[in-house]
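Undergrad: Heads up: the protein sequence lines correspond to chains A and B, in order.
Here our numbering is used: the first residue of the first sequence is 1341, the next is one more, and so on.
Here our numbering is used: the first residue of the second sequence is 329, the next is one more, and so on.
Glycine is no exception: its CB is placed at the ideal position from the N, C-alpha and C atoms.
Quick caveat, the model's predicted, so the values are computed rather than measured.
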Amino acid sequence: MSPLTIDIDDLKTSFQPGQIIRGQVHWQADSTPPKACLRLLWYTKGKGTEDVGIVENVEFSDPQQNDRRPYQFKIPEGPYSFSGELLSLVWSLELVVGKQFSRQDITVSPDGHEIRLHETVLEAKPYLEGNIR
Amino acid sequence: MQLKLRRHRTTSCDSNKPDSVAGRLFVTVFFMFFLGMGLLFEVFLVREVVSAIHRRSWSVVSCRILESSVLQESNSENPYRFAVKYEYQVNGATYQSTRYQFKDSGSDNYAKAQKLADRYQAGLETQCYVNPKNPSEAILEQDSLSMACFVLIPFVFVLIGIGGIYGTWFYKSKPKTQKAVLPEVKGETRKSQWGLLLFGFVFFAAGSGFSYIFLIQPMLDMFRARTWIETPCTIISGQVLSHDSDDGTTYSVDILYEYVFDDKEHRSNRYDFMSGSSSGYQGKREVVDKYLKLKNTVCYVNPESPGDAVLIRNLTWKYAIGLFPLIFVGVGLAIMIGAVIGMKRRAAKESIGGWKPQTAFTSFHSSGYQRYYGPREDKIALKPQKHPIAMLVFPLIFCGFWNGLVSFFVYEVFSGFKTGRPDWCLTLFMIPFVLVGIGTVIWVIYQFLALFNPRFEIAIQPALLCLGGNGQLQWTIHGQAGRIRKLVIKLTAREEVVNTDGEGSNTHRKLFYEKELLSTALRHEMKTGQVHFTIPQSTMHSFEAEHNKIIWAIDVKADIPLWPDVKQEYQFCVSPQPVI
Chain A
1341 MSPLTIDIDD
1351 LKTSFQPGQI
1361 IRGQVHWQAD
1371 STPPKACLRL
1381 LWYTKGKGTE
1391 DVGIVENVEF
1401 SDPQQNDRRP
1411 YQFKIPEGPY
1421 SFSGELLSLV
1431 WSLELVVGKQ
1441 FSRQDITVSP
1451 DGHEIRLHET
1461 VLEAKPYLEG
1471 NIR
Chain B
329 MQLKLRRHRT
339 TSCDSNKPDS
349 VAGRLFVTVF
359 FMFFLGMGLL
369 FEVFLVREVV
379 SAIHRRSWSV
389 VSCRILESSV
399 LQESNSENPY
409 RFAVKYEYQV
419 NGATYQSTRY
429 QFKDSGSDNY
439 AKAQKLADRY
449 QAGLETQCYV
459 NPKNPSEAIL
469 EQDSLSMACF
479 VLIPFVFVLI
489 GIGGIYGTWF
499 YKSKPKTQKA
509 VLPEVKGETR
519 KSQWGLLLFG
529 FVFFAAGSGF
539 SYIFLIQPML
549 DMFRARTWIE
559 TPCTIISGQV
569 LSHDSDDGTT
579 YSVDILYEYV
589 FDDKEHRSNR
599 YDFMSGSSSG
609 YQGKREVVDK
619 YLKLKNTVCY
629 VNPESPGDAV
639 LIRNLTWKYA
649 IGLFPLIFVG
659 VGLAIMIGAV
669 IGMKRRAAKE
679 SIGGWKPQTA
689 FTSFHSSGYQ
699 RYYGPREDKI
709 ALKPQKHPIA
719 MLVFPLIFCG
729 FWNGLVSFFV
739 YEVFSGFKTG
749 RPDWCLTLFM
759 IPFVLVGIGT
769 VIWVIYQFLA
779 LFNPRFEIAI
789 QPALLCLGGN
799 GQLQWTIHGQ
809 AGRIRKLVIK
819 LTAREEVVNT
829 DGEGSNTHRK
839 LFYEKELLST
849 ALRHEMKTGQ
859 VHFTIPQSTM
869 HSFEAEHNKI
879 IWAIDVKADI
889 PLWPDVKQEY
899 QFCVSPQPVI
C-alpha cells in the first residue's frame, strides 16, 4: 500500500476567497516516483459532463520514495463551492505521485459554507422608480 | 496564478431514449427493418460479386464474330442492345453463343451499343470466355466488378440495425469513477469531433457525387459541345421510356435520329446532356411528339468522335435541378470546417482550465476591485440571446429544403389524379410529410412577423454587478410599443448543464431564482422606464465552464394580441464579491 496524505494546517476545510491554504503532503511509494505534484483545482459534478479547472499546479522536484513536502496556495476569488439540483462545484487539493493520486475536498465561499442554490433566503427588494417620461 | 477562460456553446434537445418496454419494442422493430434490408441487399450483392469473380476463372478461347448489330426493342427501359453471334471450339466441338456479357440488359444510349457493334464487327477473330464445366456457356467480355465498391454500403445498415437493437436493450452508461485530473483534453470531446467530421464528410461526398452527375458533367459536356458541328439529321423513331423503381415511375426522352458525317451514316439517341430520368410524363411526351412531327432537324456532332451527337446542346431550365446537391455540399463542408476548427481550438487550448464570468473589465491581477472591474457607475447595454433575423434563417432554409423535396412527390400525386390514375399508397404516404411542410410554412410566417415586433433596448448599471450588489435596469421600446397588451420583466438565475455521455448531447436547465421586476398593462409605463433591483447575497455568481453554467438574465415578455409575442433573454454577469 502506498498512502498519500494531504494535511492542511489547523485541520481547516473551509476557506474564504483570498485566504492562504497551507500544509504538508507526504507519501510512501513502492519505488521512487518519476514525478509528484500538488494541484489546487475545482471540479463540477451532477447531471452534466464534468468540468475541471486547475487553478495552480506545483511540481515537487526530485521526489523520493518516502517524502514530505510543504505547500501553500492562495484561494482565488471564485468560483464558490455550491450545490444545486443539476450541478455542484467542489474545490479540492489533488496530490499526484507517479500513477497514484489522492484528493482532499475543501469549501470555498465568503462564509465558509457551501452555497445551496435552492435553499437560499432571498433578500432582493426591487422597486420601481420614475418610469414615466 | 492565472485563471483561463473557457467558452461553451449549448445545444438544446432533451433526452428521448425510450424507457418503457413498449417504446423499446417499437424502436427494435424500426432497427430490425434496417437490419433485415441491409442483410438482404448484402447477401444479394455479395452473391453477385462472388459470381462475377468466379467467372474470371473461365477459359479464354479464340472465337470468330459471325454477326454484329444494334437491336432496338420498344417498350423497354433500355431499348438498345448490342446483338452479336460468335463461334468457338472446345475439345474439337464447335459452339455458338450470342451472349455479350453474363448480365447484359441493354442500354438507353444508342451510341454505346453502336460502339460495341463497331468494335466487334462480323469476321473479327477475337477471344471469348467459356465455362469449363459447361462449354456451351460463353461470354464475349467479363462483367465489371465495380459493384464490389458498393458491397460495404448495405453493411452500414446492418451495423445500424445491430447497434440500435443493442443500444436499446443492453447499453448502460458507464458509472463515473473518480480519477486524477490530467491536463489533456477529454477523450470524449475528440471522439465527438471526429464523428462530426465523418458526418460532414458523408454529406459532402454525397452532395459532390450528385453535383458531378447532375451539374458538373453536363456543364463540361455543354462546354465541349460548343465546337461540335451542326449537322442535318432525320428522326427515325421517338418514345417516352418508363423506369420503374421503389420511389415510383420516372420517364426519359428517347429519340433516335440518323445523320451523315464524313460520308458515313451514324445514329444516336442523345437528346441533351442531362442523364437519368425524372417524373413528369406529359412534358416528355410533348418533346417526343414535337420531334416526330418535325422529322428533319439539326443535331450537333463531335468532329473527333462522329458517333457522339446531341440534339440540344444549350442550357435549359431543367439543369437547375443540379443545384440542389450543392446544398448538401455546402452543409457537409460547413460541418467539416466546424469540426476541424473545434479540434484546433481544443488542441490549441492551454491545459489549465478555467471558468468565467466574462466582462469587458475582467482581468487576472491579484487584488483591487477597481482594477478588476472598472468604475462602478458604468452602464452596459445587454444583447438579446436570439436575433430575430437569425431566428428566421433556419426555418426558411429548412422550409425550402423540405417543401422543395416534398413538392416533387406532391406533383406526382396530382399528376396521378389529373390523369385519372391516382396512386393511393403514395397519396396516403405523403400526408404526414405535407402536414410537416405546412407546419414549416407557418413557422416561417410566424418568425417573419416577429421581425416587425417592437425592439427592446435594455441596459443595466453598473456594468458589473456582484453578489449583494444593487443595480438599476433601464429599458426603452423602439417601434410600436402601443401594440403591447402586457409587459413583464423578470430577473432570473438558473443552472444549465450539458451531458455529452452516451448518445448525443442533452441540455438541462433548472431555475433557482426568479424575481418579477415589472408587470404592467399600462401603456405609459411600458415605453421606457427603469427599476432598481438587488442581487441576493447568499447565492451563486455567474459561472461558465465547458459543460456547466450558472446564468443570470433579464427575461422580457411582451404579450401582443394576434401577433407573435416578444420573448427575449438578456444575459448579464454577476461576479463574486470583491476580495478586499
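Kindly indicate which three-state DSSP category A/K1352 falls into: helix, strand or coil?
TA: It is coil, neither helix nor strand.
Undergrad: From this set, A/N1397, A/L1429, A/V1436, which residue's C-alpha is nearest A/E1390's C-alpha?
TA: It is A/L1429.
Undergrad: Quick one: any contact between the region 646-663 of chain B and the region 535-548 of chain B, if contact means 3 or more CB pairs under 8 Å?
TA: A contact exists between the region 646-663 of chain B and the region 535-548 of chain B.
Undergrad: Hey, could you find the ends of the alpha helix (DSSP H) B/Q545 is sitting in?
TA: Residues 545-552.
Undergrad: Determine the DSSP secondary structure at A/Y1411, reduced to helix, strand or coil.
TA: Three-state result, A/Y1411: strand.
Undergrad: Could you tell me whether the Cβ of B/A849 comes closer than 8 Å to any Cβ of chain A?
TA: Chain A, which has no Cβ nearer than 8 Å to the Cβ of B/A849, makes this no.
Undergrad: Helix, strand or coil, according to DSSP, for A/H1458 in the structure here?
TA: Of the three classes helix, strand and coil, the one that applies to A/H1458 here is helix, per DSSP.
Undergrad: Which residues of the region 1416-1434 of chain A have a Cβ closer than 8 Å to any Cβ of chain B? Give them in chain order.
TA: Flagged, chain order: P1416, E1417, G1418, P1419, Y1420, F1422, G1424, E1425, L1426, L1427, L1429, E1434.
Undergrad: Kindly indicate the opening and closing residues of the beta strand (DSSP E) around B/G857.
TA: Where B/G857 is concerned, the enclosing beta strand (DSSP E) stretches over 856-862.
Undergrad: Okay, do the region 626-635 of chain B and the region 470-477 of chain B touch, 3+ Cβ pairs below 8 Å being the bar?
TA: As far as the Cβ criterion goes, the region 626-635 of chain B does not touch the region 470-477 of chain B, which means the pair count is below three.
Undergrad: So is B/H869 in contact with chain A if we call contact Cβ pairs under 8 Å?
TA: For B/H869, the answer is yes, since a Cβ of chain A falls inside 8 Å of its Cβ.
Undergrad: Given a limit of 9 Å on CB to CB distance, which residues of the region 769-785 of chain B reach chain A?
TA: Those would be none; no residue qualifies.
Undergrad: Could you give the residue range of the alpha helix (DSSP H) that holds B/E370?
TA: First-last of the alpha helix (DSSP H) with B/E370: 349-383.
Undergrad: On the three-pair Cβ rule with 8 Å, is the region 1381-1397 of chain A touching the region 1423-1441 of chain A?
TA: Cβ pair count under 8 Å is three or more, so yes.
Undergrad: Does DSSP put B/Q610 in a helix, a strand or coil?
TA: B/Q610: helix per DSSP, three-state reduction.
Undergrad: Leaving aside the five residues before and after B/Q800 along the sequence, list all residues of the same chain whose C-beta is less than 8 Å from its C-beta, in chain order.
TA: Here the set comprises I788, Q789, Q858, V859, H860, F861.
Undergrad: Using CA coordinates, which residue listed in B/C561, B/F483, B/F551 is at the minimum distance from B/F362?
TA: If we check each option's Cα against that of B/F362, B/F483 comes out closest.
Undergrad: Run through the region 430-508 of chain B for me and flag every whole beta strand (DSSP E) of 3 or more residues, listed as ranges in chain order.
TA: If we require 3 residues or more, the beta strand (DSSP E) runs fully inside the region 430-508 of chain B come out as 453-459, 462-467.
Undergrad: Please name the residues in the region 1381-1393 of chain A whose beta-carbon is closer than 9 Å to at least one beta-carbon of chain B, in chain order.
TA: Cβ contacts with chain B: L1381, W1382, Y1383, T1384, K1385, G1386, K1387, G1388, T1389, E1390, D1391, V1392, G1393.
Undergrad: List the residues that DSSP assigns as beta-bridge partners of B/S735.
TA: DSSP lists no partner for B/S735.
Undergrad: Taking 8 Å as the threshold (beta carbon to beta carbon), is A/H1458 in contact with chain B?
TA: Yes, A/H1458 counts as interfacial toward chain B.
Undergrad: DSSP on B/F652, reduced to helix/strand/coil?
TA: Helix, per DSSP.
Undergrad: So the candidates are B/A886, B/Q899, B/Q896; which of them puts its Cα closest to the Cα of B/T848?
TA: Of the listed residues, the one whose Cα sits closest to B/T848 is B/A886.
Undergrad: Determine whether the Cβ of B/H715 lies closer than 8 Å to any Cβ atom of chain A.
TA: B/H715 does not count as touching chain A.
Undergrad: Among B/D432, B/P716, B/T555, whose alpha-carbon lies nearest the alpha-carbon of B/I773?
TA: For B/I773, the nearest C-alpha among the options comes from B/P716.
Undergrad: With DSSP run on the structure shown, which of helix, strand or coil describes A/D1451?
TA: In this structure, A/D1451 counts as coil in the three-state DSSP scheme.
Undergrad: Under a Cβ-count criterion, where at least 16 other Cβ atoms within 10 Å of its own Cβ denotes burial, should A/Q1404 be classed as buried or exposed?
TA: Exposed, since its Cβ has fewer than 16 Cβ neighbours within 10 Å.
Undergrad: Answer yes or no: does any C-beta atom of chain A fall closer than 8 Å to that of B/V638?
TA: It does not: the Cβ of B/V638 has no partner Cβ on chain A nearer than 8 Å.
Undergrad: From the DSSP output, in three-state form, read off A/I1394 for me.
TA: Three-state result, A/I1394: strand.
Undergrad: Is B/V388 buried or exposed, if buried means 16 or more other CB atoms sit within 10 Å of its CB?
TA: Exposed, since its Cβ has fewer than 16 Cβ neighbours within 10 Å.
Undergrad: Please name the residue or residues paired with B/P560 in a DSSP beta bridge.
TA: In the DSSP output, where bridge partners are listed per residue, B/P560 has B/V626.
Undergrad: Could you check what DSSP says for B/A421 in three-state terms: helix, strand or coil?
TA: If DSSP states are grouped into helix, strand and coil, B/A421 belongs with the strands.
Undergrad: For B/A778, which of B/V816, B/I488, B/T625, B/V721 has the nearest alpha-carbon?
TA: When each option's Cα is compared against that of B/A778, the closest is B/V721.
Undergrad: Looking only at C-alpha atoms, which of B/V377, B/L793, B/K440, B/T496 sits nearest to B/F354?
TA: B/F354 has its Cα closest to that of B/T496, out of B/V377, B/L793, B/K440, B/T496.
Undergrad: Under 7 Å between beta-carbons, which chain A residues line up against B/T828? List them in chain order, please.
TA: Per Cβ cutoff of 7 Å: T1389.
Undergrad: Shorter than 8 Å from the beta carbon of B/V825 to some beta carbon of chain A?
TA: Chain A contact via Cβ: present.
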